[in-house]
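Take the sequence shown: its position 171, counting from 1, is numbered 176 in this note's numbering, and each next residue is one higher.
Reviewing the structure listed below.
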Amino acid sequence: MSSISIIGTGNMARTIGARAIAGGNTVEVMGRDESKAADLAKALGSGTTTGEWGTAPAGDIVIVALLHDGVVPAVTQYGDALAGKVIVDISNPFNPTFDGLAHGEETSVAQEAAKAAPAGASVVKAFNTVFRQVLEKGRPHVFIAGDHAQAKASVEAFIKSLGMRPLDVGGLKMAHWLEGAGVVTVGLANHGVGNLDFALGITELRA
């Protein structure tokens, strides 16, 4: 199983943390507000610990569960404390009307986080196409993108421990298109599906 640190104390941090604990992983919570981090750790139970914001995370995999505009600043602030870690960006940089991306260039939050990350750290995009309630109760496919095979293998093993299926879409430049897929999920929720109780996945034809 995996050793996980979660930067953030919001709903996604809580949901991923709970699934991680249920899957037999160890979890550390890190938040700017130490009281919120302590409350979340207590709620998760099963030996969940807290870490001081900005210090070296205990986990080998560091899940940045922040809003998109907080990811790169957090990675920058942590700096060398993230050396050797696998950093997982789960964010969606939606524009104000939720029908496009906040950045106009062919980049992604994950790619920008990789530029800010210290040497030896690897960034993987994951979980951004899955709504929280599906992540909490379902067994969705989880698309991932990253440039480092070993880092992706670690994230894939973690995803499998949650009872979910990881699907590798390629290098980190594909994170831009995963963020676009996040926009598609919102469009489906508002139109074709009409609710949030679904996730994107694949259907394989078998002989």
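Backbone N, C-alpha and C define an ideal beta-carbon position, used for all residues, glycine too.
Own chain partners of residue i with C-beta closer than 6 Å, once the 5 adjacent residues on each side are dropped
i: residue 170; result: 146
i: residue 4; result: Because the chain here runs from 6 to 212, residue 4 falls outside it and cannot be looked at.
i: residue 111; result: 181
i: residue 208; result: none
Residues of its chain near residue i, where Cβ-Cβ distance is below 7 Å and the 5 sequence neighbours each way are ignored
i: residue 138; result: 201 and 202
i: residue 157; result: 129, 149, 151 and 173
i: residue 180; result: 113, 115, 116, 130 and 150
i: residue 124; result: 88
i: residue 51; result: 26
i: residue 43; result: 55
Whole-angstrom distance between residue j and residue i, CA atom to CA atom
i: residue 35; j: residue 212; result: 48 Å
i: residue 63; j: residue 33; result: 7 Å
i: residue 164; j: residue 53; result: 19 Å
i: residue 20; j: residue 141; result: 6 Å
i: residue 105; j: residue 39; result: 34 Å
i: residue 17; j: residue 187; result: 15 Å
i: residue 80; j: residue 175; result: 23 Å
i: residue 101; j: residue 190; result: 16 Å
i: residue 91; j: residue 197; result: 36 Å
i: residue 89; j: residue 126; result: 5 Å
i: residue 210; j: residue 109; result: 36 Å
i: residue 143; j: residue 45; result: 22 Å
i: residue 199; j: residue 182; result: 23 Å
i: residue 178; j: residue 184; result: 11 Å
i: residue 161; j: residue 206; result: 16 Å
i: residue 11; j: residue 121; result: 18 Å
i: residue 159; j: residue 153; result: 10 Å
i: residue 194; j: residue 78; result: 30 Å
Reference residue i, options the options, closest by Cα
i: residue 56; options: 9, 78, 175 and 81; result: 9
i: residue 103; options: 196, 192, 207 and 206; result: 192
i: residue 73; options: 143, 7, 159 and 133; result: 133
i: residue 155; options: 26, 50 and 66; result: 66
i: residue 31; options: 123, 6, 92 and 15; result: 6
Cβ-Cβ separation, residue j to residue i (assumed contact under 8 Å), whole Å
i: residue 71; j: residue 29; result: Going by Cβ atoms, the distance from residue 71 to residue 29 rounds to 25 Å, so no, they are not a contact pair.
i: residue 86; j: residue 61; result: 4 Å
i: residue 204; j: residue 99; result: The pair is not a contact, with the Cβ atoms about 17 Å apart (cut-off 8 Å).
i: residue 167; j: residue 24; result: 5 Å
Nonlocal neighbours in the same chain, by C-beta distance under 8 Å from residue i, ignoring five residues either side
i: residue 59; result: 82, 83 and 86
i: residue 49; result: 19, 22, 23, 26, 32 and 34
i: residue 41; result: 14
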